[in-house]
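In what follows, a single structure is set out as structure tokens and then discussed.
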Amino acid sequence: MLEMLSRYRVVLVGRGQRDARRLIDAFSTKFDVRYTEEIGDDLWLFSDLIIFDFINENLIERARKESANYLFLIGNEADVKKYGMKDEEYVLKGPGYLHYLSKIVFNMLKNRRLQQVLQFEKNKYDTLVNNMGCGMLLLRKDGKIIFSNNAAKLILGFSESELFHMNLKEILVEDEIINKILGGYNISNQKCTLINAFSDRRIITLNSTVSLYEAERVIQITFMDITTQTKNEKLIEFQWNFLDNIEEIALAVNLKGDIVYLNKYAAKSHGYELQEMLGTPEQNYVKQHSRYLKSKSRALRESGSWIGKEIHIKKDGSNFIVEARRKLLKTEKGNFELMVGRDVTSKHEMERKLRLHSLLLNNVSEIVIAIDGSYRIMYMNKTAEDFFRISLRKAFGKRIEELSSKLFEKLSEGIFPLCNETAPSKLVEIEEEQGTRIMLQFISRCVKEKGRVIGYVITGKDISGIYYILPNLKNRVELLEKLFDPAVATDLKGRILYANLSWLETFGINDVNNILGMKLVPDFLQSSEKDRNTINKLLERDGYVYLNEVSLTAKGISLKTPVIILRLRDKKGYFIADISIIMKSKITRQ
Numbered sequence: 004m005l006e007m008l009s010r011y012r013v014v015l016v017g018r019g020q021r022d023a024r025r026l027i028d029a030f031s032t033k034f035d036v037r038y039t040e041e042i043g044d045d046l047w048l049f050s051d052l053i054i055f056d057f058i059n060e061n062l063i064e065r066a067r068k069e070s071a072n073y074l075f076l077i078g079n080e081a082d083v084k085k086y087g088m089k090d091e092e093y094v095l096k097g098p099g100y101l102h103y104l105s106k107i108v109f110n111m112l113k114n115r116r117l118q119q120v121l122q123f124e125k126n127k128y129d130t131l132v133n134n135m136g137c138g139m140l141l142l143r144k145d146g147k148i149i150f151s152n153n154a155a156k157l158i159l160g161f162s163e164s165e166l167f168h169m170n171l172k173e174i175l176v177e178d179e180i181i182n183k184i185l186g187g188y189n190i191s192n193q194k195c196t197l198i199n200a201f202s203d204r205r206i207i208t209l210n211s212t213v214s215l216y217e218a219e220r221v222i223q224i225t226f227m228d229i230t231t232q233t234k235n236e237k238l239i240e241f242q243w244n245f246l247d248n249i250e251e252i253a254l255a256v257n258l259k260g261d262i263v264y265l266n267k268y269a270a271k272s273h274g275y276e277l278q279e280m281l282g283t284p285e286q287n288y289v290k291q292h293s294r295y296l297k298s299k300s301r302a303l304r305e306s307g308s309w310i311g312k313e314i315h316i317k318k319d320g321s322n323f324i325v326e327a328r329r330k331l332l333k334t335e336k337g338n339f340e341l342m343v344g345r346d347v348t349s350k351h352e353m354e355r356k357l358r359l360h361s362l363l364l365n366n367v368s369e370i371v372i373a374i375d376g377s378y379r380i381m382y383m384n385k386t387a388e389d390f391f392r393i394s395l396r397k398a399f400g401k402r403i404e405e406l407s408s409k410l411f412e413k414l415s416e417g418i419f420p421l422c423n424e425t426a427p428s429k430l431v432e433i434e435e436e437q438g439t440r441i442m443l444q445f446i447s448r449c450v451k452e453k454g455r456v457i458g459y460v461i462t463g464k465d466i467s468g469i470y471y472i473l474p475n476l477k478n479r480v481e482l483l484e485k486l487f488d489p490a491v492a493t494d495l496k497g498r499i500l501y502a503n504l505s506w507l508e509t510f511g512i513n514d515v516n517n518i519l520g521m522k523l524v525p526d527f528l529q530s531s532e533k534d535r536n537t538i539n540k541l542l543e544r545d546g547y548v549y550l551n552e553v554s555l556t557a558k559g560i561s562l563k564t565p566v567i568i569l570r571l572r573d574k575k576g577y578f579i580a581d582i583s584i585i586m587k588s589k590i591t592r593q
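So my numbering is basically just the index in the sequence shown, starting at one, shifted up by 3.
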């Protein structure tokens, strides 16, 4: 059976049985021969070669259109000229031709099969080369490009015709590396710079070897574009440097849970030296109960970030509470979990001792609503009465949906989700009758007595100015608001766009709206025009500046402090704002 499958399949097509036997007998056992007089569609599908014992115009045209191998047995030279036969299309019926017909057919099929195999291998190689993730170029010894794969054309931005016969010197920047490549040196993982069709510089890792291509010694170059990876690594390095200079706990853990980075403040807060914690499991320093792990892993999986409180363990065994923000950080070197937080033990202890009556006295300039466990109004401050246009007397004891206030009705869907232990904050947007859009930030606090929920205190703040006037800053505002250090956002002209609560407290300002549009210099900080120009150039080049000493006046007192300035840009590289952060713990009198 295997022998039958390995033999060439030949179909003989004749006009009568007279010559059928002698044609069949002319072939050796290397062939599986079949004779037919019918020319149907299936004739062209299931054979390695079709041999015709006659010829006509229609038959030769059909044979040339089909993909099957064919051969005509021609009786005279006149037919060869008449039909324009090529050498590989016919065999003349000369004296004794049947004796060598089998050998001719065997060599013919062997050569054609070899050509098919070579073509298949060539197509496979071309497909492989063009689907490589890295770019590939073939060069002559003079540096002229004679071949480029799809990845190379994509990275360089040139078409195949444009790249053909371009010189390596036109796209590679470093002359020393060019000379090594053209000198025949084998180069491995060399970092260098290419210039593409758009005059952009792309950082690559390059390998080169000398090889044979169409019987000619050529230089083969393969390269990977690592521009984005390099920028990401620089950004991460900058972030690490930034975190080293803030007085907040910052650490990063790998997928195994081991600490791969922490700043000095994190080590100090836990009572260790930095090297003592580096490389050790994070679980040695954080109480990781099942509820905490479940909440954190679900949030990181779904949104890539998590915010909450953690109980950390010091070297002496004592505990402290950290208000933590965790985020997944994906890099070329792997995935990490970054945690930034601050010690809120004293704040938490104070809040634990507070009861409902003390909460009602706080934030009197903001909206304050107290709701009992049945969602009935227990208290509203004057700000809430004015905003909702309803008095406490009319609202007391009623459920939110029972109130006549239209604003309360619009807010009910946003307030109800806050009345639980797991949703402490929410942004709610409403539209007044006049069409004015208002964005409110509500914070909920669950009040318990002996472990039993007795009510909720909801504090609301109008952040419409920040939310609508500064849409590009809204995601950054939430982060700046959590910073312990005073922080302010300014435009390119130094005008204040936003300031966090710590900034307002430091300078004795009641409302951020009172300083919007004011100049950071000289209204708050002192700096010469020459220094400001230098700072702006550094920000444009590096994206950040660390100033050892800056003079400022807060509440009538002359002070000096270090300042960090960061330049924020969006994904397209457009300017958003300059963020100035004062190192609060290092403020001294002049």
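Ideal placement from N, C-alpha and C gives every residue a C-beta, glycine not left out.
What is the rounded straight-line gap between the Cα of residue i and the Cα of residue j?
i    : j    : result
S50  : A71  : 8 Å
S162 : S151 : 9 Å
K68  : F57  : 18 Å
K356 : T231 : Unreliable positioning characterises K356 in this predicted model, as indicated by a pLDDT of 48, which lies under 50. The coordinate reading is nonetheless provided below. Taking the straight line from one Cα to the other gives about 51 Å.
G546 : I568 : 8 Å
L507 : S561 : 17 Å
E41  : L104 : 22 Å
N61  : D145 : 54 Å
I107 : A29  : 11 Å
T509 : S447 : 26 Å
L159 : R116 : 39 Å
E369 : S408 : 18 Å
V515 : K317 : 38 Å
M586 : N153 : 52 Å
S191 : L258 : 31 Å
S214 : S164 : 23 Å
Hey, residue i and residue j: beta-carbon distance below 8 Å or not?
i    : j    : result
L112 : Y93  : no
G463 : L486 : no
I207 : I184 : no
K297 : R329 : no
A302 : K312 : no
A387 : I372 : yes
D319 : G274 : yes
L542 : R570 : yes
L76  : I54  : yes
V431 : F445 : yes
L166 : L197 : no
I499 : L523 : yes
A269 : E276 : no
L14  : L48  : Checking the displayed sequence, the identity of residue 14 turns out to be Val instead of Leu. Going by C-beta atoms, V14 is not nearer than 8 Å to L48.
K290 : I314 : yes
L209 : L171 : no
M169 : I148 : yes
Determine the closest residue to residue i out of the options, with distance taken between C-alpha atoms.
i    : options                : result
I380 : T386, E369, E404       : E404
Q223 : I457, L15, N189, S377  : N189
K194 : F201, S202, E179, D346 : E179
E340 : L331, G458, V548, E552 : L331
V347 : K333, V325, G337, N338 : V325
F578 : K563, R544, Q593       : R544
G17  : E173, A29, N199, T39   : T39
C137 : V83, K156, I148, R143  : K156
G186 : S164, R10, N170, T212  : T212
V450 : F390, I433, Y378       : Y378
N338 : V256, N384, K267, F391 : V256
I461 : L406, S394, N384       : N384
E504 : N517, P489, G497       : The sequence shown places Leu at residue 504, not Glu. Nearest option by C-alpha distance: P489.
S272 : D22, N322, G497        : N322
K96  : A580, R205, K563, D22  : D22
R592 : R392, K563, S202, Y264 : K563
G497 : G520, I512, G511       : G520
Below 8 Å on the Cβ atoms is my guess for residue i versus residue j; work out the distance and round it to an integer in Å.
i    : j    : result
S588 : V566 : Not really, about 13 Å apart at Cβ, beyond 8 Å.
L281 : M342 : Not really, about 15 Å apart at Cβ, beyond 8 Å.
E251 : G344 : 7 Å
K33  : R65  : Contact doesn't hold; Cβ gap of about 27 Å is too wide.
Check whether the Cβ of residue i lies closer than 8 Å to any Cβ atom in chain B.
i   : result
I63 : In the structure shown, chain B does not exist; there is a single protein chain.
task: Check whether the region 552 to 565 touches the region 518 to 533, counting contact only when three or more Cβ pairs, one atom from each stretch, lie closer than 8 Å.
output: yes
- prompt: On the three-pair Cβ rule with 8 Å, is the region 492 to 501 touching the region 398 to 411?
  reply: No, because fewer than three Cβ pairs between the region 492 to 501 and the region 398 to 411 fall closer than 8 Å, the two stretches do not touch.
query: So, do the region 281 to 289 and the region 299 to 312 have three or more beta carbon pairs nearer to each other than 8 Å?
result: no
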